[in-house]
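Worksheet: one structure, shown below.
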Amino acid sequence: MIKVLFLISLVYLSLSVTHANELFSPENAVEETSTLPNFGNADLVISAEYTQVRHIASMDAAIRSHGDFILAPELGLLWAQKKPFISRLWMDQEKMIQQIADASPIEINATQNPLPFSIGRIFFAIFRGDHSGLNDSFSAYLMHSDKDWQLGLIPRDPLISKALRQIIVTGNKEIRSIDITDIKGNRQELIFDNLNSSLQLTPQQKQRLIH
Numbered sequence: 118m119i120k121v122l123f124l125i126s127l128v129y130l131s132l133s134v135t136h137a138n139e140l141f142s143p144e145n146a147v148e149e150t151s152t153l154p155n156f157g158n159a160d161l162v163i164s165a166e167y168t169q170v171r172h173i174a175s176m177d178a179a180i181r182s183h184g185d186f187i188l189a190p191e192l193g194l195l196w197a198q199k200k201p202f203i204s205r206l207w208m209d210q211e212k213m214i215q216q217i218a219d220a221s222p223i224e225i226n227a228t229q230n231p232l233p234f235s236i237g238r239i240f241f242a243i244f245r246g247d248h249s250g251l252n253d254s255f256s257a258y259l260m261h262s263d264k265d266w267q268l269g270l271i272p273r274d275p276l277i278s279k280a281l282r283q284i285i286v287t288g289n290k291e292i293r294s295i296d297i298t299d300i301k302g303n304r305q306e307l308i309f310d311n312l313n314s315s316l317q318l319t320p321q322q323k324q325r326l327i328h
């Protein structure tokens, strides 16, 4: 059974690589950010459940985790993992606070360690529809089909290119998944469900975001 699952995983990864190669071909290069799909809004509160699947190059089996996130214009991003263990990451443009279970929170600022903030800003830009922000740091590639679109991003920013090889965002009317490959060949898929956009935070969301 383990061998079968491993073979299925290899086939899946092979198909993903083939599709990525097609996406990143020169004819799909995007010169003007105005041609990118309208995939976000800076004025809205965005929330969703997520499944994160990590494919580590040195491991046969993928690692899965589940949780939800809230992105609010004034209060930043809350990324809350619920399984297999509880963790909480809050960040805005300048500060990041991470807490695992009941351990003491760890605070980092952008001056001390700029790389996590550069990567975090990618998430902000994607869900806020910040085309110019993406264009500043990435070369963009776009494919359309009848059912969905795929946006490929190759880092141009020297700091981001030290950590990431490429990003693939898939969506239709809303973002469905983000696939990230790092420079070591490790991949993580973020698959979103129950994505919701609203003009205001609910009282519960606001309480969760106030750290």
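This note's numbering puts the first residue of the sequence shown at 118, with every later residue one more than the last. Every residue, glycine too, gets a C-beta built ideally from N, C-alpha and C. Predicted model, so just to flag it, every value in this text is computed and none were measured.
Nearest residue (CA-CA) to residue i, options the options
i      : options                           : result
Ser256 : Asp274, Gly157, Phe241 and Ser204 : Asp274
Arg293 : Ile223, Thr168 and Ala227         : Thr168
Asp265 : Ser221, Gly288, Pro272 and Gln283 : Gly288
Glu291 : Pro143, Asn155 and Asn145         : Asn155
Leu268 : Ile297, Ile277 and Pro231         : Ile297
Gln210 : Lys199, Pro222 and Leu232         : Leu232
Gln198 : Ala189, Gln215, Glu191 and Leu192 : Gln215
Pro143 : Phe234, Ser254 and Ile271         : Ile271
Asp310 : Glu139, Phe141, Asn138 and Ile163 : Ile163
Ile243 : Asp219, Ile285, Ala220 and Ile173 : Ile285
Asn158 : Met176, Asn138, Ser175 and Leu188 : Leu188
Arg325 : Glu139, Asp185, Phe141 and Ser175 : Asp185
Ile180 : Leu316, Lys212, Asn303 and Lys323 : Asn303
Glu148 : Gln283, Leu307, Leu251 and Ile277 : Leu251
Leu318 : Pro222, Phe141, Met176 and Glu191 : Glu191
Glu166 : Ala178, Met176, His183 and Pro222 : His183
Residue i in three-state terms, based on DSSP
i      : result
Ser131 : Only weak support exists for where Ser131 lies, its pLDDT of 42 falling under 50; the value from the coordinates is given anyway. Reduced to three states, the DSSP call for Ser131 is helix.
Lys264 : coil
Ile327 : coil
His248 : helix
Leu140 : helix
Leu232 : helix
Phe123 : The predicted model places Phe123 with a pLDDT of 41, which falls under 50 and marks its position as unreliable, so this point remains unresolved.
Pro320 : helix
Met118 : Residue placement at Met118 is flagged as unreliable, the pLDDT there being 44, under the threshold of 50; the coordinate-derived value follows with that caveat. In this structure, Met118 counts as coil in the three-state DSSP scheme.
Anticipated Cβ contact below 8 Å, residue i with residue j, distance rounded
i      : j      : result
Met208 : Gly237 : 5 Å
Ser314 : Leu161 : 4 Å
Ile300 : Ala280 : 6 Å
Ile277 : Ser254 : 6 Å
For residue i, the residue or residues it bridges with in DSSP
i      : result
Phe255 : Pro272
Ala146 : Tyr258
Asn226 : Lys212
Practice item. Counting only runs of 4+ residues fully inside the region 269 to 317, write out the alpha helix (DSSP H) ranges in chain order. Key: Counting only runs of 4 or more residues that sit fully inside the region 269 to 317, the alpha helix (DSSP H) segments are 275 to 278, in chain order.
Exercise for review: Starting from the N-terminal side, write out each stretch of the beta strand (DSSP E) that is 3 residues or longer and does not extend beyond the region 155 to 223.
Suggested key: Those beta strand (DSSP E) runs which fall completely within the region 155 to 223 and span 3+ residues are 162 to 172, 180 to 189, 193 to 200, 204 to 208 and 212 to 217.
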